[in-house]
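Report on the following structure.
Residue numbers (the UniProt record's numbering): 1 to 364.
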């Protein structure tokens with residue numbers, strides 16, 4: 001299907017190889033790691049299969065991204081962009097329905113955790129919001145209306161990282177797109193502040209509760225108790241770095257990492273909060289990659305980040321730049337290049353944003 005839709009071929013050059021190569025490298029390393037360490041009846045079966053799913057998606061996705069970069073396929077009909085723009089509102093409408101049934105609960109759409117739902121919503125929301133900027137009716141109000149819908153869903157998930165990150169991404173998008181129109185930019189920022197204030201007022205109680213929980217978590221961590229949400233993250237970061245430093249050039253199995261985690265907790269009981277996630281991941285892309293795949297894992301992750309920024313700059317692709325900020329931002333506090341659903345969203349978003357960027361360039 002990709003070969004059929006690829007359109008007129010462009011010259012193959014290094015610029016168009018960097019991003020697909022970085023995606024392929026992550027998939028290949030995950031596949032090698034899985035093949036080297038997966039055994040039958042492993043207690044870490046979920047971890048291995050999550051990496052196998054990522055490997056399949058990224059290896060396959062690398063070819064789709066390559067075909068997209070080496071073609072001149074364009075989204076000529078604005079109806080496609082308006083369809084993408086509607087996604088955030090459909091998600092917000094469904095979230096409103098769920099919230100009316102399960103009021104005061106963190107919504108997860110019934111497909112996983114509330115945190116995962118927040119990450120998926122934010123990435124889809126970025127594509128949705130950027131799509132309207134490529135239409136003739138690219139008024140900042142329409143972009144901010146999309147932002148309002150996304151923020152509403154993020155508030156219902158009560159995911160702190162996305163509630164902090166998404167407004168920053170919105171500001172970055174407004175700066176990149178309206179930097180030559182001070183009047184529109186100023187009015188957009190004022191409206192964005194008003195939207196954020198409204199979200200805070202409407203969701204004051206859950207936001208305040210999550211803020212207080214964060215303060216309590218940090219206070220507990222300073223008192224040698226990491227059995228909290230933020231405390232466990234900080235403990236995982238410390239343990240992951242320790243494991244990597246001891247053997248930076250080695251791949252290690254999930255079982256070996258878990259054993260190292262247990263040994264470190266036996267020596268430093270204050271890190272015990274991390275053990276709950278020994279069969280998941282270490283909640284930071286770089287630390288997770290380093291703890292299992294050593295320097296090669298860290299290099300592959302940084303190479304992907306660099307490639308995304310590089311192509312966004314070379315292609316003058318506003319959408320890809322904003323998506324990259326979201327991917328990197330989430331990667332500081334969690335792992336999204338993992339499992340199935342979010343990697344699919346990432347690859348799909350990259351392809352869609354590259355295709356619609358062919359309509360016109362938006363970063364001068």
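We treat Cβ as the ideally placed atom computed from N, Cα and C, and that holds for glycine.
Boundaries for residue 280: no alpha helix (DSSP H) harbours it, and the DSSP string shows neither H nor E there. With a contact defined as Cβ atoms closer than 8 Å, residue 163 and residue 154 qualify at about 5 Å. The three-state reading of DSSP puts residue 187 in helix, counting H, G and I together. DSSP places residue 248 outside any alpha helix (DSSP H), giving it a letter other than H or E. A residue is called buried once 16 or more other Cβ atoms fall within 10 Å of its Cβ, and residue 313, having fewer, is exposed.
The C-alpha of residue 226 is placed about 23 Å away from the C-alpha of residue 329. Following the DSSP letters along the chain, one finds residue 216 inside the alpha helix (DSSP H) bounded by residues 204-222. In this structure, DSSP gives residue 226 a state outside helix and strand, which the three-state scheme calls coil. In terms of Cα proximity to residue 50, the closest of 306, 138, 76, 30 is 30. The DSSP-derived three-state label of residue 42 is coil. Leaving aside the five residues that flank residue 119 on each side, the residues in its chain whose CB is nearer than 8 Å to its CB run, in chain order, 159, 162, 330, 334, 336, 342. Distances from the CA of residue 62 to each of 356, 157, 346 were compared; the closest alpha carbon is that of 346. The beta carbon of residue 264 sits closer than 7 Å to those of 239, 242, 271, all from its chain and outside the five residues before and after it, given in chain order. Counting the other CB atoms within 10 Å of its CB gives residue 111 a total below 16, which places it among the exposed residues. Between residue 258 and residue 44, the CB-CB gap stays under 8 Å. A distance below 7 Å between beta-carbons, with the five flanking residues on each side excluded, links residue 253 to the following residues of its chain, in chain order: 37.
The DSSP-derived three-state label of residue 71 is strand. Taking the Cα of residue 53 as reference, the smallest distance to any Cα among 278, 172, 223, 32 is reached at 32.
Per DSSP, reduced to three states, the secondary structure at residue 30 is helical. Between residue 64 and residue 351, the gap from beta carbon to beta carbon is short of 8 Å. Leaving aside the five residues that flank residue 85 on each side, the residues in its chain whose CB is nearer than 6 Å to its CB run, in chain order, 128, 131, 132.
Per DSSP, reduced to three states, the secondary structure at residue 76 is coil, with no helix or strand assignment.
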